[in-house]
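Residue numbers (my numbering): 348 to 638. What follows is one structure encoded as structure tokens, with my remarks underneath.
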């Protein structure tokens, strides 16, 4: 196993400001218990094609002062807390994936994890991931970068991305068209995936919304990247996303975020996992009952 959250054996992670890691508190250092997995599907076949690991703050836990809510999402308030919390989440996800059987890892395909700009610019990220990948087998890792987080050091960030790409790590830009895609660095980022924000997916039925997604699809095609629609809540949105050029999708219509045990149990079932089928049937049944 890798360094477990809550221990002091973090040889790859510089502590930064004194006490930053301890300041996270026991709830954050127990992130292993709040990691959920949300499957993605190919929108044409409805077949499973990967999963995103999500960190969720437990409802019964008091949100610590260093964690602020912006746009409905909880984010750390300083670069040091960003790095500390990213470390906890990343090590938790890799610990979980590292205990899966080889067959299960193969079925899992790509596992995506979000990190912030300060972590991408840090010196510890690449050595830490390299050690994790060499310690034991893992599914292919995709790192999602949220555009609204500024990259604190462009030179360091690009060097880290290039190094991790050589290790087989892929990169995805989350919430595309909300942040640094307008900056010069965007053209140099080695990403393989662009994600359409949930709000943009919900606006697909409008002229402005469809035009925005068309812009994202065009940018992805120019870079040979895959477009993923997030937050798909019903079959109509899924069909609109597919018609707009999105290749993959995720959201409650496909599957709600699952605990690791539920995800593993479902992934272990025979077949190629039509995750969306059950949800489609349920939605259609509810629609029929309402008539």
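For glycine and all other residues, C-beta sits at the position ideal for the given N, C-alpha and C. Nothing here was measured: the structure is a model prediction, and the numbers come from that model.
- Distance between residue 591 and residue 397, taken at the CA atoms: about 21 angstroms.
- Annotation for residue 513: the continuous alpha helix (DSSP H) segment containing it runs 501–513.
- Rounded to whole angstroms, the gap between the alpha carbons of residue 484 and residue 449 is 7 angstroms.
- According to the DSSP assignment, residue 616 belongs to no beta strand (DSSP E), since it is labelled neither H nor E.
- Rounded to whole angstroms, the separation of the alpha carbons of residue 447 and residue 435 is 19 angstroms.
- Under the criterion of beta carbons closer than 8 angstroms, residue 523 and residue 579 do not qualify as touching, at roughly 16 angstroms.
- Listed in chain order, the alpha helix (DSSP H) elements of length 4 or more contained wholly in the segment 414–494 are 426–445, 449–455, 464–467, 472–482.
- In the DSSP assignment, residue 384 forms a beta bridge with 400, 605.
- When secondary structure is reduced to three states using DSSP, residue 594 falls in the coil class, being assigned neither helix nor strand.
- If the five residues before and after residue 551 are omitted, its C-beta is found closer than 7 angstroms to the C-beta atoms of 557, 560, 584, 587, 588, 591, all from its own chain and listed in chain order.
- Here residue 534 is exposed: its Cβ has fewer than 16 other Cβ atoms, across all protein chains shown, within 10 Å.
- Here DSSP, grouped into helix, strand and coil, assigns residue 552 to coil.
- Annotation: residue 381 to residue 616 spans about 24 angstroms, alpha carbon to alpha carbon.
- Across the structure, residue 565 and residue 595 are spaced so that their CA atoms are roughly 15 angstroms apart.
- Beta-bridge partners assigned by DSSP to residue 557: none are found.
- In the structure shown, residue 586 adopts helical secondary structure according to DSSP, grouped into three states.
- Residue 574 sits in a strand when the DSSP states are folded into three classes.
- Comparing C-alpha distances from residue 428 to each of 518, 440, 465, 453 shows the shortest one belongs to 465.
- Nearest Cα to residue 469 within the set 430, 510, 577: 430.
- Between residue 593 and residue 574, the beta carbon gap of about 5 angstroms places them in contact (Cβ cut-off 8 angstroms).
- In the structure shown, the three-state DSSP call for residue 563 is helix.
- Boundaries of the beta strand (DSSP E) harbouring residue 518: 517–521, taken from the DSSP string.
- Counting only residues of its own chain and dropping the five nearest sequence neighbours on each side, residue 614 has a CB closer than 8 angstroms to the CB of 395, 451, 454, 455, 620.
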